Amino acid sequence: MVTIYTYKIVADELLAGFLLGTLIGGFPSDGGFTLWSMGLNIDMDILHRIDFTLGPISIDQIEDNLYLGGLAAAKDISTLSKYKITHIVTIDTCPLPRNILQLKHITTKYIQLSDLPKEDLLTHFDDAETFIKEGLSKGAVLVHCYFGVSRSATIVIAYIMKKYQIPYQEAFERVKAKRSIVFPNQGFVSQLKLYREMGYTVDPKNMHFKAFRLNVAADRHKAHFVKA
445 MVTIYTYKIV ADELLAGFLL GTLIGGFPSD GGFTLWSMGL NIDMDILHRI DFTLGPISID
505 QIEDNLYLGG LAAAKDISTL SKYKITHIVT IDTCPLPRNI LQLKHITTKY IQLSDLPKED
565 LLTHFDDAET FIKEGLSKGA VLVHCYFGVS RSATIVIAYI MKKYQIPYQE AFERVKAKRS
625 IVFPNQGFVS QLKLYREMGY TVDPKNMHFK AFRLNVAADR HKAHFVKA
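Numbering (this note's numbering), first residue to last: 445 to 672.
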């Protein structure tokens with residue numbers, strides 16, 4: 445008997461069907477596939493893109509003209525038109541398709557990043573916040589990753605934290621009230637808390653930020669060494 449426990453987020457639910465035919469056994473019920481994949485250091489994006497359906501279009505309004513969603517929404521021209529999207533922030537391992545990038549009425553920002561706790565999303569918080577503010581002054585902004593659960597949610601939470609000068613938990617609850625499936629991974633949560641500690645800006649001189657960057661560099665070196 446093959447049993448798959450999910451963490452009850454969209455990514456895990458979709459992956460379950462794919463894995464049933466290839467994996468024997470089960471995942472720990474406390475944390476499900478998410479914690480199992482983290483333990484094996486599996487890049488979720490690689491699995492997501494193996495002949496996978498994106499599922500239904502998922503997009504939610506967080507504030508006036510600020511939307512959070514998944515790749516399916518960002519790739520759908522009718523959805524972009526419906527919500528009058530003028531700016532798109534993509535946090536993913538692959539950029540948007542050319543037909544979207546070539547739309548003259550839409551400005552895009554691409555952050556190449558996997559949904560792994562050791563990834564450095566913190567460094568991009570200020571640039572993303574500036575882009576979102578500029579986009580909101582001209583139209584409507586969609587922030588998305590693959591499923592709109594972790595990476596893009598983290599960017600939106602960072603924006604809300606800075607805008608209202610509030611701590612992570614309060615910003616998280618505001619965003620979750622609008623999009624119930626948001627769930628930043630624990631690495632991103634730590635980065636959001638460090639962002640507040642630095643005064644809602646990336647401070648290269650901050651000792652904790654320096655330590656964070658050293659850890660990121662060490663992890664990358666270790667990963668490169670293991671692959672070699």
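Just so it is clear, CB atoms sit at the ideal spot from N, CA and C, and this is done for glycine as well. Remember, it's a predicted structure, so these values are computed and weren't measured experimentally.
DSSP places VAL660 in the helix class (H, G or I) of the three-state scheme. If you draw a straight line from the Cα of SER525 to the Cα of HIS588, it comes to about 16 Å. Rounded to whole angstroms, LYS548 and THR530 show a C-alpha spacing of 9 Å. Take THR551, set aside five residues on each side of it, and the residues of its chain with a beta-carbon closer than 6 Å to its own are HIS531, in chain order. In the displayed model, TYR639 falls within a helix according to three-state DSSP. The residue among LEU545, THR534 and PHE616 with its C-alpha nearest the C-alpha of HIS568 is THR534. Here the alpha carbon of ALA597 sits roughly 21 Å from the alpha carbon of SER581.
Ranked by how close their Cα comes to the Cα of ALA602, the residues TYR590, GLU617 and PHE591 have GLU617 in first place.
Ranking THR574, LYS620, LYS528 and PRO500 by CA distance to the CA of LYS607 puts THR574 first. A Cβ-Cβ separation of about 5 Å places PRO561 in contact with ASN629 under the 8 Å criterion.
Looking at the DSSP output, LYS553 shares a beta bridge with VAL533.
Taking 7 Å as the cut-off, the Cβ atoms of LEU512 and TYR590 do not count as close. Looking only at GLY631, ASP663, ALA662 and ASP536, the smallest Cα-Cα distance to LEU566 is reached by GLY631. A check of alpha carbon separations from SER522 across LYS620, ILE501 and GLU507 identifies ILE501 as the nearest. Short of 8 Å from the beta carbon of ASP663, and not among the five residues preceding or following it, lie these beta carbons of its own chain, in chain order: LYS562. Sixteen is the threshold: when 16 or more other Cβ atoms of the shown chains lie within 10 Å of the Cβ of GLN635, as they do, the residue is buried. Just so you know, the alpha carbons of CYS538 and ILE555 end up roughly 9 Å apart.
The alpha carbon of TYR644 has as its nearest neighbour, out of MET605, LEU557, GLY583 and GLN546, the alpha carbon of MET605. In the structure shown, LEU565 falls within a coil segment according to DSSP collapsed to helix, strand and coil. Listed in chain order, the non-local C-beta contacts of ILE503 below 6 Å within the same chain comprise TYR511, GLY513 and ALA517, local neighbours out to five positions each way being set aside.
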